[in-house]
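Chains as they are written, first to last, in my numbering: chain A, 762 to 1087; chain B, 412 to 739. Don't be surprised by glycine CBs; every beta carbon is placed ideally from N, CA and C. Contents: one structure, followed by commentary.
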Amino acid sequence: MKDWRYWLAEQRGTLFAFGIFIVMFAIYSANHPAGFTANVVQTAANKGVLLAFVAMAQTLVVITAGIDLSVGMIFTLTNCMASWLVIGTGLETGFGVLAVLGTGLLCGAINGAIIIYGRLQPIVATIATGAVFFGLALLLRPVPGGSVNEDLADFLTGRFFGVVPASLVALLVVVLVVWVPFSRSEFGRAAYAAGSSEMAAYMSGVPIRRGKFLAYTLAGLLAAIGGLFLTFFTYTGEAAYASGNAYTLFSIAAVVLGGVSLFGGKGSAIGAIFGALAFRTIGDLLFVFDFDPLWQPLFQGVILLIAVSLGAFALFRVRNRLEWFL
Amino acid sequence: MSETTLGGLAGRMPKFLRRADPAVVTAFACIVLLLFLGSLYSRSFLSPEYLLQQLKVASFLGVIATGMMLVILLGQIDLSVPWAVAAGAMMACAAAAYGSAGVALAIPFGVLCGVAIGIVNGIGVAYLRIPSMIITLATNAVAQGLMVVYTGGFSPQDSATAAMRYLATGFTIPGVPNAVIIWALIGAAMVFMLTRSSFGRAVYGIGNRERAAYLSGIDTRRIVLIAFAVSGGLSAFGGVLLAGYASKAAQSMGDAYLLPSIAAVVLGGTSILGGRGSYLGTVAGVILITLLQSILSVMQMPEAGRQIIYGVVIVAMLLLYGRAPASR
Chain A
762 MKDWRYWLAE QRGTLFAFGI FIVMFAIYSA NHPAGFTANV VQTAANKGVL LAFVAMAQTL
822 VVITAGIDLS VGMIFTLTNC MASWLVIGTG LETGFGVLAV LGTGLLCGAI NGAIIIYGRL
882 QPIVATIATG AVFFGLALLL RPVPGGSVNE DLADFLTGRF FGVVPASLVA LLVVVLVVWV
942 PFSRSEFGRA AYAAGSSEMA AYMSGVPIRR GKFLAYTLAG LLAAIGGLFL TFFTYTGEAA
1002 YASGNAYTLF SIAAVVLGGV SLFGGKGSAI GAIFGALAFR TIGDLLFVFD FDPLWQPLFQ
1062 GVILLIAVSL GAFALFRVRN RLEWFL
Chain B
412 MSETTLGGLA GRMPKFLRRA DPAVVTAFAC IVLLLFLGSL YSRSFLSPEY LLQQLKVASF
472 LGVIATGMML VILLGQIDLS VPWAVAAGAM MACAAAAYGS AGVALAIPFG VLCGVAIGIV
532 NGIGVAYLRI PSMIITLATN AVAQGLMVVY TGGFSPQDSA TAAMRYLATG FTIPGVPNAV
592 IIWALIGAAM VFMLTRSSFG RAVYGIGNRE RAAYLSGIDT RRIVLIAFAV SGGLSAFGGV
652 LLAGYASKAA QSMGDAYLLP SIAAVVLGGT SILGGRGSYL GTVAGVILIT LLQSILSVMQ
712 MPEAGRQIIY GVVIVAMLLL YGRAPASR
């Protein structure tokens, strides 16, 4: 096989997600009353990047064959924190942003420490830490409220040069600063290797524990960036249980749509980003077609069900029935 | 039995203690500790009325956790509990609005809706080989969507039937709430099924290694499908009971039961990886969780504090005895 074929085989999931997104967005903007304008793109981008950040966070953990059911709650907690801290003069705002991101890192590190060094199952452990994070969020914001440095918020949710949505640029910067170095580092490879086959990775002397720990920690950071952006969009903080849960759920859907294998070791955050953008666009399709918003949860649920069932097609390739059981 | 090899303390302990699972013993010890701490706070914690009331509240969680345990024993998980509970409650109340036949069929209809959700889960997990965590999340979202469309986003106005109220709040035997009797019956059936039937053997077998169970001639996919259907049905039945208790269904009534049901099963010593665990442990876990919730609310702890303590306690107890073996 030629080099480009290997590349294509590896990137198939990402390209698939990209394709879905392009098709869906084309349908969306073609039927939108305002058409394909900078305003429509900006609004769509602002909604999409929130899920994209959380989906990236989920990707890092899913690559190690784990799962983080607390990402939505870290997102909610950091939203509540940002509504207290990211305000005031430039310096205060800066420290506030750092504190919020640090909190995210800490939450992720706690998850990682409990799961890797405490040897607990990721599902149960992150459900429990998610309850703690939500409790803290509720402590910070018993009722919705707070405010944010509006200059910074408007800058990061507006447009550069009148066309490019700033939130997309921020997403690109985060990809370049967090994802690219991680996936190319020794620890990133360790995370992939641990997800692919932990035993083989261990035997090869790969630092799997540190790789997985870094993946969980960075997942916390990415969820915190998402929470920060939520504050920039809404100008308030709210400890909403349903919204936190929905983000966790949608992040898993986005990851699956983005071609990241839930069994670990396969996929990339870029795919998950397109998965997230596609998922958001599909959800918004209902609005441009003037459906009753009541149908939206059902529609999203059915899309999710179809997306996760797509993986079942691999079964047709199975020759030996014992391969049903992993 | 050679006393020398068993060593001092363990050798002198009565037989039933020696055989007991340390996790179950720890869970019961924690229940006693909680009751002791509670009684320091207020003497009424040890009164029979309070304890019976707790047992009654625990029985709703107990019914739901029974189904969850069956699924966890297979090495799977059922995250569709929240809306299976709500769907069971809402559909039972909805059926009650359709004349006397509707009233008579309300409970079976509610449970059947849960079974249907469970069957979708089971098909996804057993035949399509989708990870259970994912497919159950998806069916949960679909069930939520269906209920939102049905109710229009508000709590339904239909109220529970007299039979549902009787099951949840009545007394057939003086002094013992019906809900507790129901939990005891379901628990007994579960114990019988797990320990005395080939279905139970198959469940433990699949939980240990599905491949081996398959090669031993067990139709593993059918067993998994049935287990998920039972879990969905029991969740919905829990919802029916809850609707009877509150005399109506509500939008997010099931949300408060997902984490507690998983926690109760896992705290009771059932391995989240499947294949190991006893129903006695689940009973202990359910009572432990209910007591913890009750004591926190009696102390008038705000919701935020409750969530934090709750999560910390679960992580701490799992770190005590729920850890995976140190490999290599």
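- prompt: Closest by CA to B/Val496, which one among B/Ile545, B/Val531, B/Ala674, B/Val522?
  reply: B/Val522
message: Measuring straight from C-alpha to C-alpha, what distance separates A/Val967 and B/Thr580?
response: 59 Å
task: Inspect the beta-carbon positions of B/Leu699 and B/Ile534 and report whether they are closer than 7 Å.
output: no
Residues of the stretch 525-551 of chain B with Cβ closer than 9 Å to any Cβ of chain A, in chain order: Val531, Gly535, Tyr538, Leu539, Arg540, Ile541, Pro542, Met544, Ile545, Ile546, Leu548, Ala549, Thr550, Asn551
task: Mark B/Asn532 as exposed unless 16 or more other C-beta atoms lie within 10 angstroms of its C-beta, in which case mark it buried.
output: buried
task: Just tell me which of A/Leu982, A/Ala1003, A/Asn1081 has its CA closest to the CA of A/Phe943.
output: A/Leu982
task: Closer than 9 Å, Cβ to Cβ, to anything on chain B: give me those residues from the stretch 880-912 of chain A, in chain order.
output: Arg880, Leu881, Gln882, Ile884, Val885, Ala886, Ile888, Ala889, Thr890, Gly891, Ala892, Val893, Phe894, Phe895, Gly896, Leu897, Ala898, Leu899, Leu900, Leu901, Pro903
query: Is there a Cβ from chain B that is less than 7 Å from the Cβ of A/Val1069?
result: yes
message: Is the beta carbon of A/Ile969 closer than 7 Å to that of A/Ala955?
response: yes
- prompt: Along the stretch 708-724 of chain B, what residues have a CB closer than 9 Å to any CB found in chain A?
  reply: Pro713, Glu714, Ala715, Gly716, Arg717, Gln718, Ile719, Ile720, Tyr721, Gly722, Val723, Val724
message: Closest to B/Ile592 by C-alpha separation, out of B/Phe565, B/Met479, B/Ile518, B/Tyr577, would be which residue?
response: B/Tyr577
query: Who pairs with A/Phe921 in a beta bridge, going by DSSP?
result: A/Val925
- prompt: Pick from A/Gly972, A/Trp845, A/Ala951, A/Val1017: whose alpha carbon is nearest that of B/Pro542?
  reply: A/Val1017
- prompt: Does DSSP classify B/Glu414 as helix, strand or coil?
  reply: Confidence in B/Glu414 is poor, its pLDDT being 41 and thus under 50, which makes the residue's placement too unreliable to answer from.
- prompt: At least one CB of chain C closer than 7 Å to the CB of A/Gly1062: is that the case?
  reply: The structure shown contains no chain C; the protein chains it does contain are A and B.
query: Any beta-carbon of chain A closer than 7 Å to the one on B/Gly556?
result: yes
message: Let me see if you follow: with CB-CB separation under 7 Å, is A/Pro794 close to chain B or not?
response: no
- prompt: Whose C-beta lies closer than 8 Å to the C-beta of B/Tyr625 among residues of the same chain, with five residues either side of it excluded?
  reply: Thr631
field: Anticipated Cβ contact below 8 Å, A/Phe1040 with A/Ala1014, distance rounded
entry: 6 Å
- prompt: Can you find a CB in chain A that lies within less than 7 Å of the CB of B/Arg633?
  reply: no
query: Do we get a CB-CB distance below 7 Å when we pair B/Asn629 with the residues of chain A?
result: Per the sequence shown, residue 629 of chain B should be read as Ile rather than Asn. So no, B/Ile629 is outside the interface.
field: Extent of the continuous alpha helix (DSSP H) to which A/Thr837 belongs
entry: 832-846
message: Looking at the strands, I want to know which residues DSSP matches up with B/Lys659.
response: B/Ser570
message: Against chain B, does A/Pro942 count as a neighbour if the rule is that its beta carbon must be under 7 Å from one of theirs?
response: no
query: Cα separation between B/Val726 and A/His793?
result: 48 Å
message: Tell me which residues of the stretch 671-698 of chain B have at least one Cβ-Cβ distance to chain A shorter than 8 Å, keeping chain order.
response: Ile673, Ala674, Val677, Ile683, Leu684
query: From what residue to what residue does the alpha helix (DSSP H) around A/Phe1011 run?
result: 1002-1018
Assigned exposure category for A/Leu991 - 16 Cβ within 10 Å defines buried: buried
field: Residue-chain proximity (B/Leu484, chain A), Cβ-Cβ < 7 Å
entry: no
- request: Could you have a look at A/Gly896 and say whether DSSP puts it in helix, strand or coil?
  value: helix
message: Less than 7 Å between CB atoms is the rule here; does B/Arg734 satisfy it with respect to chain A?
response: yes
message: Run through chain B and tell me which residues come within less than 8 Å of A/Val1017, C-beta to C-beta.
response: Ile545
task: Kindly give me the distance between the Cβ atoms of A/Leu1066 and B/Val560, rounded to whole angstroms, as I take these residues to be in contact under 8 Å.
output: Between B/Val560 and A/Leu1066 the Cβ distance is about 15 Å, and since that is not below 8 Å, they are no contact.
Rounded C-alpha distance that separates B/Val401 from B/Ala600: For residue 401 of chain B there is no data in the structure shown, the boundaries of chain B being 412 and 739.
field: Paired residues, beta bridge with B/Pro713 - DSSP
entry: B/Pro713 is not bridged to any residue.
query: Taking C-alpha atoms, which residue in A/Thr775, A/Asp764, A/Ala770 lies nearest to A/Leu1038?
result: A/Thr775
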